[in-house]
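Protein chains in written order, with our numbering: chain A, 1164 to 1534; chain B, 1164 to 1534.
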C-alpha cells in the first residue's frame, strides 16, 4: 500500500507520539511542521534550500492555485511537484478555509459554496466534487476533504448543522476521489463544544480516512480555549492514523499540540514574521530591525547550526532587512524554517528518549515562555 | 606584488584582448562583467550562487554604503568581504557618479562636493580624501579615484575645466591612499571630445595607476557617439594595465567594448531587468510576463546550461513573476547573470581562438541584433 502510518513510539507521561507516514514522494517522520507554499513556492525559498534544512513536506493552497495560475495549467505541467520542482511530499488544503474567510462574499448551500474571487470579483463555485477535482489536478500526496469552518463564536445550533454538512461533504469528497496515489484526509469540526467534537469525530472516522485533521482551531479563539479542545479532541481520533492540526505554528503551539497527540502542523507564521524581520532564537523571538542589533556581529542565534547562523551576522541581516533587500528576507525565512524543523526533530528525539517534559521545560525557560 | 595584470592574448583582427588581474582575493580573468551589489548584496543572490555561476568580481557602491549602514560599521565588521560573506574580489566606485547624479542638490568646489543626502536631505561632503577614506574602510580590492562626471551635453569649456579638476583630485586620491592591499584605479574623462580625452588620458596615465577606467560614457549619449569615443579612447591607455568601461552591460555593449580593447564592465542592467521579468536568451531578450509564455513548459533558454534552465519552465517563472513571488526574481536574476558570465567566458575563448568576429556574428544573428 502506498500510504501507511506506522506508530513508532508513544510517550508514557504525555500523549506525544512518533510515527512515520509513507507517501509516493517519500516518508514523513512525525511530529512534523509543514512550511506553507501558498502559490506553488514557499516564499523566498528554493526547493534545494527546503531540502537542505530537512523539510519533509510542504503545503500548497488549493484556493490560490485554482484561481491563478489554474489547476488545469498545473496539471498540464505534470502536477504541482513537477511545476514547482519539489520532489518531496506535498499536502494541499481543500480551499474551504480560504473561501469561508471571504465572509460576506460567499454563500453556502448544500451543494457547495458560491463566492466572489478576491482578485477580480468574478463569481466562482466550489463544491466538494470541485475541490477534489482541483486537488486531483494539482496532484499532491495528501489532499483534504472540503469542509465548512464556522466562526468559533457562531451559535451552537449553527455549528451542529455545519458539522453535519461537513460530514455529508466528506462522503461526497470520498466518492469523487479516484486517484490512488493521493491520500484523502477527513476533517473534524464542532467548534469549542465537546459533544459536537465527539459527534463530528464519530461521523468522520466512520468514513475511514487514512488521516484526520482537526479543523476550526487557531481561528481567533483564546489559547486557553484551544488547549481545552486539544485536551480531548485528538483522543477522539484513531491512534493508528496521523492527526493534523491545521494553521498552527508557533514554537509554543507546536509543543502544546505534540504533547496532546498531534502529528502534523502547518502555518504561515514562521515565514510571514521572517519577512517582517522577526526571527526565532533559543533565547526567544527577536525583531532584527531593532537598533539594538545594529552593531552586533554575532549570529542570529548562537546555538543554531544553520547556514545563516554559520555565515551572517545580526548587523548584516539587519542592514539587509532595513534596506528591503531580498537576501535579507531569504536569510530570515531560511533560519526560521530551519529552527522549526530542528525543533520538531529534537521533539521526536525527546519523545523516543522519554524526555519531552524536560526538553519542553528547558526550551520554555530559555525562550521566555511560562509553563 | 599583490596586483599584477598579465596580458595573455591580443586578438589580431580586433583590439580585443585576454588578461589576468591578480588581487588579494583571487585572480580575475578578463574581459569580465562585474555584477553590481550596490548595498552590500547583489540583489536577490546569495554569495554561494554568485560563486556557482563563476562570478569573478562584484561591485559595491561607496555612496550608498557610506550613508547606510556607514563605512565605519562595515570596517568594524571586518570590511565589506566579511560583512557580506563574499570572499572573492570586490571593486568599489568612488561615489562620484552618484553624487553628481543628484544634480541640483550638490555643489562642486575645488575641495570636493557638498550634497544633500537623497534619503533625509542631510548635508554631506565628499572630497577625494573622504572618498578614499570611505573606500579604505570598506576594504575592496579595487577602488576608484574620485572624479567629476559632467553631463555629456555640457559645454566643451566646462568639460575641459572638469577633466583638469579630475586630474588634481586623482593626485589627491593617490596621496590619501595608504592601503597596499587595494589597487586604486584612475579615471579618464573628456566627454565626447577626442582632444579632451587625449588630454585627460595623458594627465591621468602620467600618475601611473595599476588600472584605468573610462568615465563619462553610457550616460545618456547615443550608441553611435559612445562607439565613436570607444574607437580611440582605449588606445590612449597603456596596454599593460586593465581598462574598465563603467556602467555598461547589455550583450551588445559588451561585445562592442571588448572588440575595442575593454577588459572590465559593470552595470545594474541585467539584474534590474530581471526583476522586471526580462531575461536574456540566445534568441534575444524576452519578457516573461507576456501571455505568450503562460503555457510554455520549456526552459527560459533552451541553449542555456544554468540551474534555472535545467530545473524550471517559462510557465512556472511567469507565474512567480506575475504573483510577485521572490523566487521568481531570484530565478530571472540568476539566469541573467549566468548568461553574461557565460557570454564573457565564451568571448575569452573566441579571442584565444581568433574567432571573435564569427562568434559575434553568430550571436548577433540569433539574438536579433544588427552588425
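We put the CB at the ideal spot given by N, CA and C, even for glycine.
For residue j and residue i, the rounded distance between their alpha carbons
{"i": "residue 1452/A", "j": "residue 1490/A", "result": "15 Å"}
{"i": "residue 1179/A", "j": "residue 1524/A", "result": "15 Å"}
{"i": "residue 1334/A", "j": "residue 1238/A", "result": "25 Å"}
{"i": "residue 1515/A", "j": "residue 1218/A", "result": "20 Å"}
{"i": "residue 1266/A", "j": "residue 1437/A", "result": "28 Å"}
{"i": "residue 1240/B", "j": "residue 1450/A", "result": "20 Å"}
{"i": "residue 1469/B", "j": "residue 1506/B", "result": "12 Å"}
{"i": "residue 1531/A", "j": "residue 1466/A", "result": "16 Å"}
{"i": "residue 1165/A", "j": "residue 1380/A", "result": "30 Å"}
{"i": "residue 1475/A", "j": "residue 1209/B", "result": "11 Å"}
{"i": "residue 1192/B", "j": "residue 1184/B", "result": "7 Å"}
{"i": "residue 1518/B", "j": "residue 1213/A", "result": "44 Å"}
{"i": "residue 1246/A", "j": "residue 1439/B", "result": "22 Å"}
{"i": "residue 1432/B", "j": "residue 1462/A", "result": "33 Å"}
{"i": "residue 1481/B", "j": "residue 1457/B", "result": "7 Å"}
{"i": "residue 1197/B", "j": "residue 1202/A", "result": "33 Å"}
{"i": "residue 1134/A", "j": "residue 1215/A", "result": "It is not possible to answer for residue 1134/A, since the shown part of chain A is limited to 1164 through 1534."}
{"i": "residue 1399/B", "j": "residue 1419/B", "result": "17 Å"}
{"i": "residue 1477/A", "j": "residue 1236/A", "result": "42 Å"}
{"i": "residue 1199/B", "j": "residue 1220/B", "result": "9 Å"}
{"i": "residue 1320/A", "j": "residue 1313/A", "result": "11 Å"}
{"i": "residue 1455/A", "j": "residue 1342/B", "result": "32 Å"}
Those residues which DSSP pairs with residue i across a bridge
{"i": "residue 1172/B", "result": "1181/B"}
{"i": "residue 1446/A", "result": "For residue 1446/A, which the question treats as bridged, DSSP gives no partner whatsoever."}
{"i": "residue 1376/B", "result": "1350/B, 1407/B"}
{"i": "residue 1197/A", "result": "1429/A"}
{"i": "residue 1269/A", "result": "1278/A"}
{"i": "residue 1289/A", "result": "1276/A"}
Sub-7 Å separation of residue i and residue j beta-carbons
{"i": "residue 1222/B", "j": "residue 1429/B", "result": "yes"}
{"i": "residue 1258/B", "j": "residue 1204/B", "result": "no"}
{"i": "residue 1406/A", "j": "residue 1207/A", "result": "no"}
{"i": "residue 1344/A", "j": "residue 1307/A", "result": "no"}
{"i": "residue 1234/B", "j": "residue 1301/B", "result": "yes"}
{"i": "residue 1427/B", "j": "residue 1195/B", "result": "yes"}
{"i": "residue 1305/B", "j": "residue 1346/B", "result": "yes"}
{"i": "residue 1496/A", "j": "residue 1434/A", "result": "yes"}
{"i": "residue 1287/A", "j": "residue 1294/A", "result": "no"}
{"i": "residue 1251/A", "j": "residue 1189/A", "result": "yes"}
{"i": "residue 1303/B", "j": "residue 1254/B", "result": "yes"}
{"i": "residue 1315/B", "j": "residue 1384/B", "result": "yes"}
{"i": "residue 1273/A", "j": "residue 1290/A", "result": "no"}
Neighbourhood of residue i by C-beta distance below 7 Å, restricted to the same chain and skipping five residues each side
{"i": "residue 1370/B", "result": "1333, 1334, 1337, 1349"}
{"i": "residue 1464/A", "result": "1444, 1445, 1472"}
{"i": "residue 1326/A", "result": "1352, 1353, 1359, 1362, 1363"}
{"i": "residue 1425/A", "result": "1194, 1397, 1406, 1408"}
{"i": "residue 1278/A", "result": "1262, 1265, 1268, 1269, 1287"}
{"i": "residue 1421/A", "result": "1179, 1194, 1510"}
{"i": "residue 1271/B", "result": "1311"}
{"i": "residue 1323/A", "result": "1359"}
Own chain partners of residue i with C-beta closer than 8 Å, once the 5 adjacent residues on each side are dropped
{"i": "residue 1395/A", "result": "1357, 1360"}
{"i": "residue 1387/A", "result": "none"}
{"i": "residue 1410/A", "result": "1260, 1380, 1381, 1382, 1429, 1430"}
{"i": "residue 1487/B", "result": "none"}
{"i": "residue 1484/A", "result": "1440, 1451, 1452, 1491, 1492, 1495"}
Chain B contact for residue i (CB, 7 Å cutoff)
{"i": "residue 1486/A", "result": "yes"}
{"i": "residue 1301/A", "result": "no"}
{"i": "residue 1172/A", "result": "no"}
{"i": "residue 1202/A", "result": "yes"}
{"i": "residue 1356/A", "result": "no"}
{"i": "residue 1240/A", "result": "yes"}
Contact set for residue i: own chain, Cβ-Cβ below 6 Å, skip 5 residues either direction
{"i": "residue 1423/A", "result": "1178, 1393, 1397"}
{"i": "residue 1248/A", "result": "1210"}
{"i": "residue 1376/B", "result": "1348, 1350, 1407, 1409"}
{"i": "residue 1502/A", "result": "1443"}
7 Å Cβ cutoff, residue i in contact with chain A
{"i": "residue 1207/B", "result": "yes"}
{"i": "residue 1508/B", "result": "no"}
{"i": "residue 1465/B", "result": "no"}
{"i": "residue 1460/B", "result": "yes"}
{"i": "residue 1289/B", "result": "no"}
{"i": "residue 1490/B", "result": "yes"}
{"i": "residue 1475/B", "result": "yes"}
{"i": "residue 1482/B", "result": "yes"}
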